[in-house]
Structures are given as C-alpha cells and as structure tokens.
Amino acid sequence: MIVKFIARRLLASVIVVLGVTAVTLTLMDRTRGAYVPGLDLNPALRPEDIARLRADLGLDQPFYQWYVTWLWNVLHGDFGRSMIDGSPVLTHILERLPNTLELTLTAVVLGILISIPLGVIGALRRGSKTDHALTVFSVAGFAVPQFWLGLMLILVFSVTFEHYGWPWLPSGGVTSPFGGGDIGDRLLHLIMPATVLSFFYLSLWSRFTRSSMLEVLSQDYIRTARAKGMSERRVVYLHGLRNALIPLVTLIGLELPGLVSGGLIVEVVFSWPGLGRLAFERALQYDYTTVMGVVFFVTLLVVAGNLLADVLYAVLDPRIRYS
Amino acid sequence: MIRDEEAEDKGFEQFERFLEDWSRRDFLRRMGGAAAWTAFSGGVLEFLDACAGGNTTTSVTAKKGGHIVEGAFSDVRTFNSMLSSDTASNQVIGLMFDGLLNSKKNGDLVGALAQDLPKTSADGLTYTFKLRPNLKWSDGQALTADDVVFTYQLAYDPKYADVASPRRGDLSKYIASATAPDPQTVVITTTQVFAPFLVSHGQYGILPKHVLGSLSAKDINTADFNKAPTVSNGAFKFVSWQSGQQVTLARNDNYWAGPALLDQYIYKVLPDSTTVANQLKTGEIDIGPVDPSQYDSVKASGNTNIVDFPVAIFDFYAYNLDPTKLGGKLFAQKEVRQALVYALDRNSWVNAIYFGHASVATSVEPPTSWAFKAKPQVVYTFDKAKANSLLDAAGWAKGSDGIRANKDGLKLQFEMHTNAGNKQRESLLQVMQQSWKDIGVDATPKLIQFPQLVTEIVSTRTFDMFLVGFSWGQDPDEAPLFHSRNTAPGGFNGADFKNADVDAALDGALTTLDKNKRKQLYYQFQDIMSDQVPAPILMFNKGIWATSKRVMGADFGTYNQFGNRPWIQNVWVTDGK
Amino acid sequence: MIDPGGITQLDLPGPAIEGEARRPAQSYWNESWERLRANRIGVFCGALILILALIAIAAPVFSQFVTHFDPARQHLSDNFRSPGHPYLLGTDELGRDTLTRLIYGGRVTLGVAFLTVALSLTLGTTVGLVAGYYGGWPDDILMRVVDVFLAIPAIFLFILMSILFRPNAITLAAIIASVGWGGVARLVRGEVLSVKQRDFILATRSIGARDLRLIFRHLLPNVLPVLIVAASLGVGQIILIEAALDFLGLGIQPPTASWGNMLTNAESYFFHSGWLVVFPGVTIFVTVLASNLFGNAVRDAFDPRLKAH
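Chains A, B and C, in that order, give the protein sequences. With our numbering as the guide, the letters of the first sequence map in order to residues 702 to 1024. With our numbering as the guide, the letters of the second sequence map in order to residues 3 to 579. With our numbering as the guide, the letters of the third sequence map in order to residues 1459 to 1767.
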C-alpha cells in the first residue's frame, strides 16, 4: 500500500521536474529575442563571431533540441558551463548552496523554536490578553515588507550604531572580507538576515500552530482524554501538540522551495551570496545554463520535500493512505 | 551582417560601460573621487586632505602592510584579459596584469611593461615597443616579448580563431603581424593607419605564455587560469575568488614598479549603491563608488574622504531615423529634433536628478577630451518659445487635443525606451515627458529589461526613441555611434543616422596620426552633430569615489577609475591593518 | 514574500480533515455574517479597506479638490519639500506631490491586489472544480500542471513573465496570479472531493442532473466559504508581493506610482528625506495589517470547521 503510494508520488515528481524545467526554458527562450547571452554588446564583434558564439552556446538550435541535450547532460551529472562567465554551473551552485542553507535553515529553526510555543500559548489562553498580543504581533509581522524591514535594521543596527560608536552589526555578507570566516564572525553576519527571514516564518507558523492546536483541542479524543481524568499537561502535550504538529510538518515541507528561492529578498538586501541571488541575477542576463541548473536543483529539492512530507504524513496519519 | 573593412574601432571602455548596466539597479556609472593627492618624494608621501578643505599640508611616512576592501556592483567573470569585456573583470585584471602601456589621469599614455611609448614608423603602420629590463612574472619567470606576442596572437592569429576573444574582430582586422625580434622588443605591424590603435589596443593585460602557451585554442576558453590565475605581472597576484562575494589579491613582490605597500586587496561584490553607501559609512569597505543621491549622506557620516571629477560617461537619447519606421516619419526634419532639445531645461536637472554631480552637455565630445569644442555651431539652452516656433515652422500644428500633428494627420506621439532599474534614466524620461508635453509632444516612457534594450538598439531597432548611458574612451573617435556603416545590424548606430560629411570627418580623423589635423576634423564633426542632433547627449556625469579616512594614496581621475590605476601600488593604510 | 507557497500557505484555512460532512444552508450564511459582524476588529479593518478602496477609486476627485496636484506633475524646483503647505505630505525627488501619488498609487496597488485575487480565484476554482468533479485523467493532467506551477521557484516566473508582459497593473496582476492559482486549485479540488462523497450529490446525479448544473448549484456553494476566506487573506499578501517585485525592479514601472515603487524609490533618500519612506511604508503596513485582520475575522466567521469555537 505504502509502496504503491510512494511509487505514484515518485512518478508525479518526475513529471513535475520535467514540467518545471520545460516551462522555465520556454519562457526564457520566448523572452530572449535576438539577444545572445554574454558577448553581444561589442561592436567589434563580427557577424561570424556572433554566429560562432551562438553555436557554442547551442542557441542556433531550436530550444526544444537544446532542452533535450541539456537534459541528457544533466542526467549524466553535467550541468554545463555558465553562458556568462564560463564557470561550471555545478561549481556555482555548490559554492552558493551552503550560504543559502546557512541562512534559511537558521531562519526556519528560529521560526520553529519560537512559533510553536507562541502558537500553543495563544491556543491555550485563547481570548486572553496574551493571545491578543500574540495575534497582533504575528499579524503585524506579516504586514511588513521584508526588504523594508531589512533596510531599516541595517540603518539602525549598522549605520546608526556605528556612527555613535556603539557595538554594531555588519550590514551584509556572510563573513568579513578580511580575516573573517570563524564561527563568531559568521554568526555576527547571520543575525540580521536570519531575523528578518524568520520573522516571516514566525508569523506564519505561530498562527498556524495556534489554529491547529485549537482544532485538535476541540476533538472528541481530547475530550475523552480529559474525561478519563488525564492531567491537563499530558492532554495538551501528549495528545494535543503531537496531533497539532502533523499539519505543520506539511507546511514546513511546503516551505522547502522557499529555502532556496524564498530568501532572495533577504539575500539582496544583505548582500548575501546565495543561490536565490545567483539565479535572479543570471535570469536577468539570460544565462540559460545557470538558471536551468538552479531551477533543476531547486525543483529537485521541492519535489523531494513534498515527497518526504507526503510520506511522513501518510505514516503519521493513516487516514491519508486510504483516501 | 557585412561589416565594412574601413577603419573602425573603439577602445573597449565605452562598451564595457554599456555592459556594466547589467547590474540590476546599476548605479554604477557615477564614480569618482580621490581621497588624497599624492606625490612621491624620497620615501615620504605628501598628501593633501581633499575634504578637510584647508591648505594644511601634512607629511606622513607611508606605512607598509595592511589591506583594503573595495566595494563594487558587479562580480568578476574572468581574469583573462583577452576574454573579458566587462568593467568588473577588467578592473580586477588591471590590478593583476599590466599591459604594454598605461594611462594617466588625463588619458595620456605612458609606458608600463614597455619602457615608453613605441617608436612609430614613418608610414604609421609599425610600432616598435621596448620592454623594461628584467621583467618578471610573480612566479619568478622572466616576462619577455614572447609573452606579449602570445597575448596578441590569441586575438589576431588565425590559429587561435577558436579563442572566444571579444577583441578578435578588431585585432584580426588591424594587426598584420606581432613579432619578437629579441626578448625585449615587440614589433606590431598594422594593416592600415589607425589613430587610436595604441589607446585602444596597447593596454591589454599581458598573459603568461609559460602557463597558457601549451593549451589549444579551445582549451584556453575554459582554462583554469581564467578563474584562478597562477601568475601575474601587476601590483597584485591572485589568492581566491568566491563568486558573488569577493576576490582576494595579495602583493606581487616581483612587480616592475616595486612592490605595493598593501599586503592584500579585496574586491567585494555588493548588490546596489545603497549597500555601498552604507558599508562606506560603517567602514566595512574602504573604497567605493558613490551614487550622486548618496553623496551627501556618505559625506556627512564623516568616515570617508569623497571627491568627484568630470568623466566621459554620459546619458543620451537617440531618435530612430529609419524612414521606414515611425520615428523616421516623426523625426526626419532636423527642426523637430532641434525643437525637442530646446524644450529641455537641462540646467534644472543637474540638481534635481544628479544631485549637483553632472554637467549639461554642449557637444558630443566630452569636456575631458582634447578634441572637445566648447561652443559648436548650435548650442542648446532651454528655450520653449524657440521650440514651439521651430515645430510650428516645420508644419507640426497643435490639434484640439493639444498634441501636434503634421499635415498628413500624423501625431507627434511616440514611446521612449530605457532600461528598467536605473533610477536616473527613469527620472530623465519622466522629466522629458513633461517638458515635451508642454510643447504639444506626447512621449510615453517605457522601461524594458536591459537585454531587450540592447537588442532593440543593435538589431531589431523597434524603438521610436531610446535613452541610455554610454562612455567614451580616451580617444575622441565616435564612429561606433555615428558613422553610417554602423547602421548595419550589430552596429551601435541604432538611430540609423547617415551623414556623408560626418562619415568623411570621422574616417579622416581615424586615418591620420596628426593630432592637429584630427582636432580640426573633430571640430567639424561636432559642428555638424550640433546642427543635426540625431542623438543628443544630455549630460556628462561625474565620477564620485569615497575612500575611508585610513586609506592614503588613492588618486582617482577621469581615466584612472577602473582598469587603469597606476597609483595603486602607492596606496597604504594609516593603521597598517 | 516571494515563494511559490506564498499565497497557498495563507490560503490553507486551517488543517483539513477529510470527509467531514457539512451542508451550507441559509442559516449557515446568516450565522457567518452575524459572527463577522460581531467581530469589532474585523469590521473596523474591513471598513478601513473599503474606505481606502473608495479613496483610490475617487482619486481624481481628491487630486482636484483636496491636494490640487496632478500625480505626474513635476516641480523640479520644489523637490524634496517636507510635509506642509501646499504639499501636505511633501514632495519626491522630482517635486511631485506625495499625497496625490499615494492616492493614485492606491489605485494601482489595491487594483493589482483585487484583480490578482479575482484572477487566481477564477482560474483556480475552475481548474479545481473540473479536476475534482470529473476525476480520472482530467484530474491527473490538471493537477500535474498545478504541481508544476507550484514547484517553479516563483521568482523565475516573475522575472520571465515581467519581461514577457511589461508590467502594468493588469499584467502584473496576471503575473502574480500565475503563481497563486495553483494553490487555490488544490484547495478547491480537495473541497470538491470531500463534498462529492456526500449522499445528496450522488442522489442528484442518479436522477440525471447535468454536470454544469451540479457544479454550479451544488459544488460551488459548498466551496464558497473556502474561497471567501482565501480571497480575504490573499489581498494583504499580494500587496507585499507587489512591493517586493517593485523592490526587485520587476513591478510597476515609473511614472506610474504604486505604494511599492514609491517605497523602493524613497529608500536611497532616507537620510535627507525620511518622510518619503515613512508615508508609503506606513500605508502598506496599515493596509496589509487591516486586510490580514479582516481575513482572519472572515475565516473565523465563515470557516465551518471553526464553528465550534
């Protein structure tokens, strides 16, 4: 049963990966026009130079042919070279991935650690002042444009603090450009971007935990448990929280694509050399190979994340399997 | 398609500049700023603090050691001077690789790896360079004429045709041969007299034959050297490159001009001008270009010295003069083109759009050029009445909707294109829209992505009018924008401007080495251009650079901003860190 | 927040419990309405959004009689004026009146938000209804398409589509909706599947009711509460997405004003003209806050599963 379920999900995942890469390439090819990535802006280039460049990049073939070649190579582990700087795409991705993961995982962990207690408190003290305050906080957190929050933090904690000679936080980058790179230096650089990013998760998940918890606490089995004289603490934490967290698992699984591309704005604001920024900048330059490489990579993560969430869900909640 | 065999060329710089506009919110262009002027005298650096204002001259002994961090908007693409075509790469290449020649602040050439300017043969075709004695690569190997010949071969020799060099089009056209009669002598013979040859092609960083010489043409395109050069011949050598983050360089003790004072130089990639400004204020970067809108706040923070100076970077717009297109029908009469320029109150833009850091252009040549004519035939000042009367006289009468139309009922109504994300250009289009609305012309701004804009300019030409930034090199040649042969697809004369007198002047100036004669021809050229105004240059920008107060010896200037920084080995930091 | 989940997540009206029976009837709508009316914060926020929308619609009236400025009219010699007279909220770098531009910007920003909601709901509902109702291969195909659109990193869709369709209010709405519809489709399909299980539909089917009639008379009303919740929660989110796109240079292009591009534009003048950042910033914050709170109120009122609380 579960094997068949997983097999079906796997097949669907393959289709998704193919679909995503095909749609991306089609869009990119439609929007490119006559533009040749990389070198078109030099009047000294002769038409034969441009033609050769086009052929080198494979852009003289119809894009579906390019796609098939690309797909074939990728399946053999060859992501090709960037059309802009000639570096292997995989090198770019592997270089940026740790930075992105460092940022987003920290934000997610921060988000989970803070949002679950907040959500539970909100649910348990439903209607109280604490609950209202938490609601306002999370709803307000959701109403601030991320880039704006980031810029304001920089202006306050970097620029202004530095100006007054107080201890200040670095305004961008993963490490200090010179002599940096140790744990302390990395953490210092991580504080502001991770805070801004986790703000988003925090608002989302604390609301979600709250309503999920409320939902669970109203279920019959909780009432039964209470009626059986189980201590309130056990009711809440053993039965309530555990069941309330099931949907949160899905939600966090859904967040996986965001792990890579969701941090884009924060990466831009804090000059964080991550995957999102790489893809964004290269998409604007029609660096097909790099963009396709990142898209493929990210989609794999997404699909794997969804798959994992589905399977976990199916394991945690048997009803899913049979429906 | 078919490119004329006629003499044509341009130093790369202006196209690099063009390329540079990649950066999403490219604020890049307005660069500037030397923190201090330095004069080297007997091991003592004398400097004037540019911003402290007073006449206080202090003498401080330059300290060795330490590092500086420069902030920039674009990441490097390659460290191979024959493959690079973008400013960021050229800038870092300039720190590691010297060419035969280098430029002074004012654009004059001086010897670098070559002892001096080359001897030019009487027919103007052959240049003989004498290299400095005992030149060494950073790994201790001798740098000889063979390395120079090898470097040029990559871009002109048919056996290296597969090297994807953006210089190939030019060099294979102009270079007949490059030879090394002895280890210290390089002889380059050109196919025709070409005035800007040295300026355009004499400054490429020289590559090591002992590293790259054994590679095939195709392998050179993807050589490890391009990403991590193992040797260099400039002030610094390569240490590491973290893409999207920083390039780290270290002092090259074998540098011909003597080892640099700094131990390390770090080139740090930042996303936009706001970030650069913030990091200048906090001291996270020591040197950086400043956007005019940030000038005051960077200056007010008090952590930096900041200066600006005129540069040959400008904003201009061009009419589409192709008679088969809408633009050709609207702008065919020069009176219309003139009227539109008269309607622009450019003096008011200096403060509103450029925060005081720009000057109104009076000619197509930049004021920084030796060929600049301050008062060409027609000088445009804001004159709305004149604009109106020119349009009236040209047969464009105001209709009931307030928009002018000609006798065929064609309305003076068009779109203006520029690249999205460049705030200054966005502002310019909006101000132009309003100014022209006031004289009955309906122009609508349209912002498109940069690759689309480039495609429109060089190939499809599906614009009515475009506005973009550009930069001239050291030589006054402007053929790429205004010579009729560059109306061919791929050429930069997207305006489709064809004028036989302009062609003659530009060609004449390119094929003589007589500077006075060239000057006369460029004066003629500027006169015609001011009358015809196919592509009015609106403003010339200022270069603005800020340097941390701990940095001494930076000496930015008009032609010493990016790739050419002959002063770099004299830069030092007061705290020695 | 830009990620494919962006809209979807918010749309999830709490954890779904499969197979739960419900039957929206007249009384359900009345009760929901009463619940909503009883939520003072919700009503206040709803009213605030309504007022902002009305102001935006009446922008020309305000520009003529209140601010006396045209949103596009530049006064270069009056740039960076602080709030006061005659520029109530000051002027921007080209000397344009901030208040007038805020009002006109509201047209664009709110217009984009409402249009996006309408588009993604229409498309998502249609796809969800068809997929859920017919099942089988139409379901498989449609849901794979939905999967694909949900899996593409939204930022690429945004970049490429904003090149393909130069962003104005309408195309921008289409662009954002192209990411949002997938979530709605999934949601609706799930609802339809659970409703389909129920007896009365099967009964109707057996007496030969036509598909369309079934869909419109029985399925749609059952799905409606979910849609209402999704719509009211979506507005604020879309305003933020629009602002983020403006920040990346992919959104509404000048000279058209939107709150997002006003805020982005003002960022570099923060140190000498802070109010240029404050006004659009506060406007966005308040609007998004209000629509989120209103959305929550609507969810509490309309989501049948929360009836018990």
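Don't be surprised by glycine CBs; every beta carbon is placed ideally from N, CA and C.
**Request:** Evaluate the contact criterion for the region 218-226 of chain B versus the region 90-98 of chain B: three or more CB pairs, one atom per stretch, below 8 angstroms.
**Result:** no
**Message:** Just to confirm my understanding: we take residue 1532 of chain C, look at its own chain, exclude 5 residues before and 5 after, and list those with CB closer than 6 angstroms. What are they?
**Reply:** Here residue 1532 of chain C corresponds to residue number 74 of the third sequence, with the count starting at 1. Hits under 6 angstroms: 1552, 1553, 1554.
**Request:** Following the continuous beta strand (DSSP E) through residue 543 of chain B, name the residue where it begins and the one where it ends.
**Result:** The residue labelled residue 543 of chain B in the question sits at position 541 within the second sequence. Unbroken beta strand (DSSP E) run through residue 543 of chain B: 539-550.
**residue 112 of chain B: first and last residue of the uninterrupted beta strand (DSSP E) it sits in** = By one-based count along the second sequence, residue 112 of chain B stands at place 110. Where residue 112 of chain B is concerned, the enclosing beta strand (DSSP E) stretches over 111-113.
**Asked** Name the chain A residues that come within less than 9 angstroms of residue 223 of chain B, Cβ to Cβ?
**Response** Sequence index remark: in the second sequence, residue 223 of chain B carries index 221 (1-based). Here the neighbours are 757, 787.
**Asked** Can you list, in chain order, the residues of its chain whose CB lies under 7 angstroms from that of residue 114 of chain B, leaving out five sequence neighbours each side?
**Response** Reading the second sequence from its first residue, position 112 is the one you call residue 114 of chain B. A distance below 7 angstroms between beta-carbons, with the five flanking residues on each side excluded, links residue 114 of chain B to the following residues of its chain, in chain order: 100, 101, 102, 103, 104.
**Prompt:** What's the C-alpha gap between residue 308 of chain B and residue 549 of chain B?
**Reply:** Taking the second sequence and counting its residues from 1, one reaches residue 308 of chain B at position 306. Taking the second sequence and counting its residues from 1, one reaches residue 549 of chain B at position 547. Going by the C-alpha atoms only, they are around 6 angstroms apart.
**Item:** Under the three-state DSSP convention, the category residue 1 of chain B falls into
**Value:** Any property of residue 1 of chain B remains undetermined from this structure, which presents chain B solely from 3 to 579.
**Item:** Contacts that residue 386 of chain B makes with chain C (C-beta to C-beta distance below 8 angstroms)
**Value:** If you number the second sequence from 1, residue 386 of chain B lands on position 384. Listed along the chain, the chain C residues whose CB falls inside 8 angstroms of the CB of residue 386 of chain B amount to none; the nearest CB is some 14 angstroms away.
**Asked** What's the gap between the Cα of residue 31 of chain B and the Cα of residue 558 of chain B?
**Response** Residue 31 of chain B sits at position 29 when you count from the first residue of the second sequence. Residue 558 of chain B sits at position 556 when you count from the first residue of the second sequence. Unreliable positioning characterises residue 31 of chain B in this predicted model, as indicated by a pLDDT of 29, which lies under 50. The coordinate reading is nonetheless provided below. Each residue's alpha carbon lies about 14 angstroms from the other.
**Message:** Whole angstroms are fine: how far does the CA of residue 65 of chain B sit from the CA of residue 576 of chain B?
**Reply:** Residue mapping note: residue 576 of chain B aligns to position 574 of the second sequence, counting from 1. Residue mapping note: residue 65 of chain B aligns to position 63 of the second sequence, counting from 1. Distance between the alpha carbons of residue 576 of chain B and residue 65 of chain B is about 7 angstroms.
**Message:** Just to confirm the assignment, what range does the alpha helix (DSSP H) spanning residue 1724 of chain C have?
**Reply:** For the purposes of this step, residue 1724 of chain C is identified with residue 266 of the third sequence, where counting begins at 1. Looking at the DSSP string, the run of the alpha helix (DSSP H) that includes residue 1724 of chain C is 1717-1724.
**Message:** Suppose contacts are defined by Cβ-Cβ distances below 8 angstroms. Is residue 300 of chain B in contact with residue 282 of chain B by that definition?
**Reply:** On the second sequence, residue 300 of chain B is found 298 positions in, with the first residue counted as 1. On the second sequence, residue 282 of chain B is found 280 positions in, with the first residue counted as 1. Yes, they are a contact pair.
**Endpoints, the beta strand (DSSP E) within which residue 473 of chain B is located** = Position 471 of the second sequence, counted from the first residue, corresponds to residue 473 of chain B. Taken as a continuous stretch (DSSP letters only), the beta strand (DSSP E) holding residue 473 of chain B covers 467-473.
**Closer than 7 angstroms at the beta carbon, the chain C residues around residue 848 of chain A** = Translated into the one-based positions of the first sequence, residue 848 of chain A becomes position 147. In chain order: 1702, 1705.
**Request:** Anything in chain C within Cβ reach of residue 716 of chain A, meaning under 7 angstroms, just list it in chain order.
**Result:** Indexing the first sequence from 1 puts residue 716 of chain A at position 15. Result: 1602.
**Prompt:** What residues from chain B crowd round residue 869 of chain A, counting only those whose CB sits closer than 7 angstroms?
**Reply:** Translated into positions along the first sequence, residue 869 of chain A becomes position 168. Result: 284.
**Short-range partners of chain A found in the region 1533-1562 of chain C, where Cβ spacing is below 9 angstroms** = none
**Request:** Assuming residue 1509 of chain C and residue 1520 of chain C form a contact by the criterion Cβ under 8 angstroms, report the distance between their Cβ atoms to the nearest whole angstrom.
**Result:** Counting from one through the third sequence, the residue named residue 1509 of chain C turns up at place 51. Counting from one through the third sequence, the residue named residue 1520 of chain C turns up at place 62. Residue 1509 of chain C to residue 1520 of chain C, Cβ: 12 angstroms. No contact.
**Message:** What does the alpha-carbon distance come out to for the pair residue 349 of chain B and residue 1535 of chain C?
**Reply:** Translated into positions along the second sequence, residue 349 of chain B becomes position 347. Translated into positions along the third sequence, residue 1535 of chain C becomes position 77. Going from the Cα of residue 349 of chain B to the Cα of residue 1535 of chain C covers about 11 angstroms.
**Item:** Buried/exposed call for residue 181 of chain B, threshold 16 Cβ in 10 Å
**Value:** To locate residue 181 of chain B, count along the second sequence from 1; it is residue 179. It counts as exposed.
**Prompt:** Does any C-beta atom of chain B lie closer than 8 angstroms to the C-beta of residue 860 of chain A?
**Reply:** Along the first sequence, one-based indexing puts residue 860 of chain A at 159. Taking Cβ atoms only, chain B reaches closer than 8 angstroms to residue 860 of chain A, which makes this a yes.
**Request:** Provide the residue span of the alpha helix (DSSP H) that contains residue 266 of chain B, from first to last.
**Result:** Within the second sequence, residue 266 of chain B is the residue found at index 264, counting from 1. Taken as a continuous stretch (DSSP letters only), residue 266 of chain B belongs to no alpha helix (DSSP H), being part of the beta strand (DSSP E) at 266-271.
**Asked** Beta carbon of residue 1623 of chain C, beta carbon of residue 1633 of chain C: below 8 angstroms?
**Response** To locate residue 1623 of chain C, count along the third sequence from 1; it is residue 165. To locate residue 1633 of chain C, count along the third sequence from 1; it is residue 175. Yes, the Cβ-Cβ distance between residue 1623 of chain C and residue 1633 of chain C is below 8 angstroms.
**Prompt:** Which residue or residues does DSSP assign as beta-bridge partners of residue 449 of chain B?
**Reply:** Here residue 449 of chain B refers to the residue found at position 447 when the second sequence is read from its first residue. Residue 449 of chain B pairs with B/420.
**Request:** Can you give me the start and stop residues for the beta strand (DSSP E) that residue 510 of chain B sits inside?
**Result:** Start at 1 with the first residue of the second sequence, and residue 510 of chain B comes out as number 508. Unbroken run through residue 510 of chain B is the alpha helix (DSSP H), 502-512; no beta strand (DSSP E).
**Asked** I think residue 417 of chain B touches residue 446 of chain B, with their Cβ atoms under 8 angstroms apart; what is that distance to the nearest whole Å?
**Response** Translated into the one-based positions of the second sequence, residue 417 of chain B becomes position 415. Translated into the one-based positions of the second sequence, residue 446 of chain B becomes position 444. Confirmed, about 5 angstroms.
**CB contact flag (residue 132 of chain B, residue 116 of chain B, <8 angstroms)** = For the purposes of this step, residue 132 of chain B is taken as the residue at position 130 of the second sequence. For the purposes of this step, residue 116 of chain B is taken as the residue at position 114 of the second sequence. Cβ atoms of residue 132 of chain B and residue 116 of chain B: closer than 8 angstroms.
**Item:** Cβ separation of residue 360 of chain B and residue 544 of chain B, assumed to be a contact under 8 angstroms, to the nearest whole Å
**Value:** Along the second sequence, one-based indexing puts residue 360 of chain B at 358. Along the second sequence, one-based indexing puts residue 544 of chain B at 542. About 6 angstroms separates the two Cβ atoms, so the contact holds.
**Message:** Applying the 10 Å Cβ sphere with the 16-neighbour rule, what's the burial state of residue 768 of chain A?
**Reply:** In the first sequence, counting from the first residue as 1, residue 768 of chain A sits at position 67. The residue is buried, with at least 16 neighbouring Cβ atoms inside 10 Å.
**Request:** Report the three-state DSSP secondary structure of residue 132 of chain B (helix, strand or coil).
**Result:** For the purposes of this step, residue 132 of chain B is taken as residue 130 along the second sequence, with counting starting at 1. Strand at residue 132 of chain B.
**Message:** 8 angstroms is my cut-off, CB to CB: does residue 863 of chain A come that close to chain B?
**Reply:** For the purposes of this step, residue 863 of chain A is identified with residue 162 of the first sequence, where counting begins at 1. Closer than 8 angstroms: yes.
**Message:** I want to see whether chain B comes within less than 8 angstroms of residue 878 of chain A, judged by CB atoms only; does it?
**Reply:** Residue 878 of chain A sits at position 177 when you count from the first residue of the first sequence. For residue 878 of chain A, the answer is yes, since a Cβ of chain B falls inside 8 angstroms of its Cβ.
**Asked** Where does residue 566 of chain B fall in DSSP's three states?
**Response** Counting from one through the second sequence, the residue named residue 566 of chain B turns up at place 564. The answer is coil: DSSP assigns residue 566 of chain B none of H, G, I, E or B.
**Asked** Nearest-angstrom Cα distance between residue 1485 of chain C and residue 926 of chain A?
**Response** Walking along the third sequence from the start, residue 1485 of chain C turns up at place 27. Walking along the first sequence from the start, residue 926 of chain A turns up at place 225. So the alpha carbons of these two residues sit roughly 33 angstroms apart.
**Request:** Can you say whether residue 257 of chain B is buried or exposed, counting buried as having 16 or more other CB atoms within 10 angstroms of its CB?
**Result:** Numbered from 1 along the second sequence, position 255 holds the residue referred to as residue 257 of chain B. The residue in question, residue 257 of chain B, is buried, as its Cβ has 16 or more Cβ neighbours within 10 Å.
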